[in-house]
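*Asks:* Per the working numbering, the sequence shown starts with residue 6, numbered consecutively.
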Amino acid sequence: MALTNPKAILFFTALFPQFMKAGAGAAQQFVVLTVTFAGCAVFAHAVYVLLARSVKGQLAAPRRARWLNRVFGGSFVLLGVSLLGLRSKAA
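Encoded structure:
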């Protein structure tokens with residue numbers, strides 16, 4: 006899906022040349038880097054899925070969900086209040 010995404014193209018265009026050797030075949034290096042990156046992404050997503058599965062039962066309880074909503078809601082309120090103290094640098 007990311008083949009037509011301009012952000013992905015720019016990201017890989019900026020990332021891959023740092024790890025490629027000038028004298029070696031570019032196509033082979035590109036394939037190795039792409040497979041390595043895809044493998045790391047699949048592994049990271051698998052870890053996220055396993056973590057979410059293990060925490061789901063604990064967070065699905067109504068009492069804990071209500072507590073989490075209060076904690077996160079309170080943190081957003083604190084962040085909003087802290088924005089009131091910021092001053093604009095453009096004057």
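Ideal placement from N, C-alpha and C gives every residue a C-beta, glycine not left out.
All values reported here derive from a predicted model rather than from experimental measurement.
Do the CB positions of L38 and F16 come within less than 8 angstroms of each other?
*Replies:* Translated into the one-based positions of the sequence shown, residue 38 becomes position 33. Translated into the one-based positions of the sequence shown, residue 16 becomes position 11. Result no, Cβ atoms of L38 and F16 do not sit closer than 8 angstroms.
*Asks:* Return the chain-ordered list of same chain residues with a C-beta closer than 7 angstroms to the C-beta of G62, the five sequence neighbours on each side being excluded.
*Replies:* As a working mapping, residue 62 is identified with position 57 in the sequence shown. There are no such residues.
*Asks:* Pull up the distance between the alpha-carbon of I14 and that of R68, whole angstroms please.
*Replies:* Position 9 of the sequence shown holds residue 14. Position 63 of the sequence shown holds residue 68. C-alpha separation (whole angstroms): 45 angstroms.
*Asks:* Report the CB separation of Q33 from K26 in whole angstroms; it is logged as a contact under 8 angstroms.
*Replies:* As a first step, residue 33 must be located in the sequence shown, where it is residue number 28. As a first step, residue 26 must be located in the sequence shown, where it is residue number 21. Rounded, the Cβ-Cβ distance is 10 angstroms, inconsistent with contact.
*Asks:* State yes or no: is the C-beta of L64 within less than 8 angstroms of the C-beta of L55?
*Replies:* Numbered from its first residue, the sequence shown carries residue 64 at position 59. Numbered from its first residue, the sequence shown carries residue 55 at position 50. Contact flag unset, no.
*Asks:* Quick check for students: name the residue ranges of the alpha helix (DSSP H) that lie wholly in the region 42 to 87, counting only runs of 4 or more.
*Replies:* Entirely contained in the region 42 to 87, not one alpha helix (DSSP H) run reaches 4 residues.
*Asks:* Work out the CA separation of A46 and L89 for me, nearest whole Å.
*Replies:* Looking up residue 89 in the sequence shown gives position 84. Looking up residue 46 in the sequence shown gives position 41. One C-alpha to the other measures close to 39 angstroms.
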